[in-house]
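J.: What follows is a structure written as structure tokens; I'll ask about it next.
Protein chains in written order, with our numbering: chain Z, 797 to 1584; chain U, 3 to 356.
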């Protein structure tokens, strides 16, 4: 919102104040100022000039050569304005002066010298009217500085609308002036209004059919309006504040909206007989005054002339009842509508107007009467021939309760941590319009109606009013004194951190972040599509961008695809969230997942897969001191390899999946590449109980090693062989390691080293051989034989 | 005999000087000191000479033997040294400037910033909490004093879900209510103040460009105890931010509206680039808007089970929010916010470690 300091000065005396400093304090105490603009700075040496001669330019079909009487001197001027003619007075920029940020210099235009420039209102920066040069009142004295006639100089600052969301009272200059009054300690002047001189019984017929949506409707009928152009001062203020002059009646309603924050509407009186505020029984189409057709639903509050719709309440009037240039009768609307209803209608129609933006903030219904009286005053000031033909009709169906808040200095001191005097409390609150009953350090505070619609209702709100004017820069800052307690450390955090460290530092993987939903285009590159899952509402249907991911892989595999030329081998990971459809209570089943993808164009799939196994084993053994059981399982997703997809479990608890890629997905990534996916459910992983570290004192006697070279038949897994040398049967077996694996088309063989140790002596060869013989015998039952 | 020994001495000296390698040195040694060597021959001859000369001759042979032996050892040492020198001289001088081949992993920049902040908050006694990314309307809005149709909901374009009443967390504040319920009992029964930070991923339905993301990280913090005041809030924010930026920052508070705090503030820090004079980085204001904060709204404390209806101000507290994504951009000079979520390893692999 734009604020004019000239306008503010109508209501509070700011003589002698540093305006820029004051605006800065407004930022620190009230709302954020986004910028300051100095209007009229560019307009210099522009005076009233009378055209005393107007000849056609000898060498142009549209230029004129004028003589302009600027009071002390007459100038020759070349001018292209269509309305240039003898006898009119206009705004004349003398040479040496400036408009539009450019200096006026003598110049030759098509061979004729020109000394100065006749200006349009746009060139003075006070309007966007550029149809011709300004035509000023004939009674003005030639040579008078234009700034002595019009308030062109002004300081305009823009307030961030977002920071006014909770302050309906600041959506007009009068409310902002109250803030400046509080900041300077100067009094806020009373608003000039006019009482209705009409004494008869006639009323505007107003019926509020929906009292939950329209809280108050104030109206008056005025006739014999003969003036149609608003005063220049008003036009300039409207223009400076981002509005635009239209005609006298529309301008006054807009002016009051900017002044008080109360939106108003003037209907053409001839078109209105009886006002009804209601919602329609069925949807229909309505043409608003901007000429657009709007779909009206049954929950849109409308203003009717009896049964004919004439305006969308609080948003925009209709085309048919709009004020036009020859309107001589009006019916005024100064009303208060339900903010939520206006907001919903406005956002549904995508029609947010200055009026609806204000109603949304929950305006003070007390204001409608003041605004109506202010309207009468401003209209009468411009057009004293008007006739009031009804009294002010005021239908007031919902009054907000009066709010009083008990308050003490003690409470304030505790909440602020500093000492603010009771006198200061009283002064500040009174300057902001609050009513005060004080007894020593205790107060009963009456919240003014313009702050009571939702903004201020409790002690914490009162604290803010006092402290923001007191100034946060003036606060003494203090530490708290709390018991000394260590911060809690959660398993979730330490596990996440350890896993990230392990993957980054040991396996040189790269951590990435992705989004929680699937991108169908990304998946399409891999020949995949999103799986059925929870959806985002309002996402575009044809692109189906709104399906949440069921696996980290739906985001990580596309990343691998995008990065396929980054390096011949790399790995990425992320700890993020997936959704496994809906739980039985209908809510989304959110899971915290670790996803890892290894990619290589150099390694064999087998070695990459075994690297995946190594990663899982390392994570589990380092964080849990346990070992992982791998079980080949059914695939859940299209990208998983039907043969090499294994579930991961510890203590019988499944916590993840390891798989290679399905050939059809793999070939989409790149030629001759291999990839391995690991996905771990972090919440399940965290739940796995940690095993003991299991420290054993090393023996003082050397271990005896025994190597066995074995031929292993197809299909026998190492873990089955390991059952043949269980620790329980072989207490002296201190270590088993694989020395060599040899695979050929015909045979698969493996060399395993067994180490035996005793605490009190070295085992003899015969003892070791006896134990080895038992193992060989057991292996034999699996078909595993000694290599000859 | 004497003469023979002198001859042999000369011969040994002359042959020793010709020796260039260990093998010929060994051969020379053997020709003098082995069983059939010159010294043994001398000893055999000793038997033949007269008895009265034996003593002197024996001494001469002995001292000759010792001399040969010593010179031989000396020569051997010299040769070993020479050999080592050769080895050193012939060694390759390695090029440290060659690029190394061992691959390094990388952390996501958000992880780096998040860990740093968690360390700072941890050192100030704050617990680090986690919260889900899918939340319900109550926790994201109602419990934060944002009723249905409140205009504040317009400030955030929320992703609603097809599941009942659920949405993607639009701000980390959504965790406030749960954390209050989780630790409220300890606060009231044991007097343990609630001090917690909760980092998290947030979602807003915005068109993505260099400055806007629909998925980003925030970190929220709360502190609740008997007499927490605005003065404490300013102290804490200043201390914390000074740690974050590793310098003494100047902060200022101005009113800011957030339904879940009262009073609410926007906290600005003085621009470090211009020192507050005004520059393009701070849009000439001298200040950077950094984190919203405020005293937790009495309604929020009530919904969180901290205060009762009868005594809505028994406990007070403050809350603050930090944009982790924004901090990471400031810290690492990342200009395009899309860098964080697009998974381009050319960018992300640079964040090697801290």
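Just so you know, even glycine gets a beta-carbon here, dropped at the ideal spot from N, CA and C.
Within its chain, find whatever has a CB closer than 8 Å to the CB of residue 1179 (chain Z); leave out the 5 residues flanking it on each side and keep chain order.
T.: The residues are 1021, 1022, 1023, 1044.
J.: For residue 290 (chain U), return the contacting residues in chain Z, with the cut-off set at a CB-CB distance below 9 Å.
T.: Per Cβ cutoff of 9 Å: no residues; residue 290 (chain U) is ~13 Å from chain Z at best.
J.: Is the separation between the beta-carbon of residue 1240 (chain Z) and that of residue 1276 (chain Z) shorter than 8 Å?
T.: No. Outside cutoff.
J.: Could you work out which residues of chain U lie near residue 1136 (chain Z), taking near to mean beta carbons separated by less than 7 Å?
T.: Simply 151.
J.: Please report the distance separating the alpha-carbon of residue 838 (chain Z) from that of residue 1306 (chain Z).
T.: Near 58 Å, if we compare the C-alpha coordinates of residue 1306 (chain Z) and residue 838 (chain Z).
J.: I'd like the list of long-range same chain contacts for residue 1336 (chain Z), defined as Cβ closer than 8 Å, with 5 residues on each side in sequence excluded.
T.: Low confidence applies to residue 1336 (chain Z): its pLDDT is 45, below 50, so where it sits in the model is not reliable, and the reading given next is rough at best. Excluding sequence neighbours, residue 1336 (chain Z) sits near 1342.
J.: Please return the same chain residues whose Cβ sits closer than 8 Å to the Cβ of residue 130 (chain U), not counting the five positions on each side in sequence.
T.: The residues are 120, 123, 124, 198, 199, 200, 201.
J.: Flag this pair as yes or no: are the beta carbons of residue 1564 (chain Z) and residue 1502 (chain Z) separated by less than 8 Å?
T.: In this structure, residue 1502 (chain Z) lies closer than 8 Å to residue 1564 (chain Z) by Cβ.
J.: Let me check one thing: in DSSP terms, what residues is residue 894 (chain Z) bridge-paired to?
T.: DSSP output for residue 894 (chain Z) lists Z:840, Z:899 as bridge partner(s).
J.: What residues from chain Z crowd round residue 200 (chain U), counting only those whose CB sits closer than 7 Å?
T.: What residue 200 (chain U) touches in chain Z: nothing, since even the nearest Cβ is about 11 Å away.
J.: Note down, in chain order, each residue of its chain lying with its Cβ closer than 6 Å to the Cβ of residue 1527 (chain Z), except the 5 sequence neighbours on either side.
T.: Correct list: empty, nothing qualifies.
J.: Taking the beta carbon of residue 1134 (chain Z) as the centre, do at least 16 other beta carbons fall within 10 Å, making it buried, or is it exposed?
T.: It counts as buried.
J.: Give a yes or no on whether the C-beta atoms belonging to residue 1578 (chain Z) and residue 1512 (chain Z) are separated by under 8 Å.
T.: For residue 1578 (chain Z) and residue 1512 (chain Z), yes; Cβs fall inside 8 Å.
J.: Does the separation of the CB atoms of residue 984 (chain Z) and residue 998 (chain Z) fall below 8 Å?
T.: Their beta carbons are not under 8 Å apart, which means residue 984 (chain Z) does not touch residue 998 (chain Z) by this criterion.
J.: Determine which residues share a DSSP beta bridge with residue 257 (chain U) and list them.
T.: According to DSSP, which records beta bridges pairwise, residue 257 (chain U) is partnered with U:267.
J.: Kindly say whether residue 182 (chain U), judged by its beta-carbon, lies nearer than 8 Å to any beta-carbon of chain Z.
T.: Output row for residue 182 (chain U): interface = no.
J.: Tell me which residues share the same chain as residue 1480 (chain Z) and place their Cβ nearer than 6 Å to its Cβ, disregarding the 5 neighbours each side in the sequence.
T.: Within the same chain, residue 1480 (chain Z) has close Cβ partners 1451.
J.: On the criterion of 16 or more Cβ atoms from any shown chain inside 10 Å, does residue 1538 (chain Z) qualify as buried, or is it exposed?
T.: The residue in question, residue 1538 (chain Z), is exposed, as its Cβ has fewer than 16 Cβ neighbours within 10 Å.
J.: Cβ of residue 811 (chain Z) less than 8 Å from any chain U Cβ?
T.: Chain U contact via Cβ: absent.
J.: Mark residue 814 (chain Z) as exposed unless 16 or more other C-beta atoms lie within 10 angstroms of its C-beta, in which case mark it buried.
T.: Exposed, since its Cβ has fewer than 16 Cβ neighbours within 10 Å.
J.: Counting along the chain, where does the beta strand (DSSP E) carrying residue 1081 (chain Z) start and finish?
T.: First-last of the beta strand (DSSP E) with residue 1081 (chain Z): 1080-1083.
J.: Scan the region 1312-1325 of chain Z for residues whose Cβ lies nearer than 9 Å to a Cβ of chain U and list them as they occur along the chain.
T.: Those residues of the region 1312-1325 of chain Z that come within reach of chain U (Cβ to Cβ, closer than 9 Å) are 1312, 1313.
J.: Suppose you measure from the CA of residue 1340 (chain Z) to the CA of residue 980 (chain Z); what does that come to, to the nearest Å?
T.: Note that residue 1340 (chain Z) scores a pLDDT of 44, beneath 50, so its modelled location is shaky and nothing firm can be said.
J.: Exposed or buried, what is residue 213 (chain U) when buried is set at 16 or more other beta-carbons lying within 10 Å of its beta-carbon?
T.: Per the 10 Å Cβ criterion, exposed.
J.: Whose Cβ in chain Z lies nearer than 7 Å to the Cβ of residue 175 (chain U)?
T.: Within chain Z, no residue comes near residue 175 (chain U); the closest Cβ sits about 16 Å away, beyond 7 Å.
J.: According to DSSP, what are the bridge partners of residue 1306 (chain Z)?
T.: Answer is Z:1368, U:108.
J.: Tell me the start and end of each unbroken beta strand (DSSP E) in the region 1233-1273 of chain Z that is at least 3 residues and wholly inside, in chain order.
T.: DSSP runs (the beta strand (DSSP E)) wholly in the region 1233-1273 of chain Z: 1238-1242.
J.: Smallest Cα separation from residue 1104 (chain Z): which of Z:1123, Z:947, Z:1323, Z:1070?
T.: Measuring from the Cα of residue 1104 (chain Z), the nearest candidate turns out to be Z:1070.
J.: In this structure, how does DSSP classify residue 1435 (chain Z) when only helix, strand and coil are distinguished?
T.: Looking at residue 1435 (chain Z) - three-state DSSP - the assignment turns out to be coil, as it is neither helix nor strand.
J.: Taking buried to mean at least 16 other C-beta atoms within 10 Å of its own C-beta, is residue 220 (chain U) buried or exposed?
T.: Answer is buried; the Cβ neighbour count reaches 16.
J.: Using a beta-carbon distance below 8 Å, is residue 133 (chain U) in contact with chain Z?
T.: Not closer than 8 Å to any Cβ of chain Z, the Cβ of residue 133 (chain U) fails to qualify, so no.
J.: Any contact of the region 1360-1371 of chain Z with the region 1393-1407 of chain Z, i.e. 3+ C-beta pairs under 8 Å?
T.: Contact between the region 1360-1371 of chain Z and the region 1393-1407 of chain Z is present, because at least three Cβ pairs lie under 8 Å.
J.: Do residue 922 (chain Z) and residue 1051 (chain Z) have their beta-carbon atoms positioned less than 8 Å apart in this structure?
T.: Their beta carbons are not under 8 Å apart, which means residue 1051 (chain Z) does not touch residue 922 (chain Z) by this criterion.
J.: Going by Cα to Cα distance, which pick from Z:1464, Z:1064, Z:1175 is closest to residue 1319 (chain Z)?
T.: Ranking Z:1464, Z:1064, Z:1175 by Cα distance to residue 1319 (chain Z) puts Z:1464 first.
J.: Check distances from the C-beta atoms of the region 310-322 of chain U to those of chain Z and list, in chain order, the residues that come in under 9 Å.
T.: Flagged, chain order: 314, 315, 318.
J.: At a Cβ cut of 8 Å, what residues of the region 207-231 of chain U count as close to chain Z, listed as they run along the chain?
T.: Result list: 207, 216, 217, 225, 227, 229, 230, 231.
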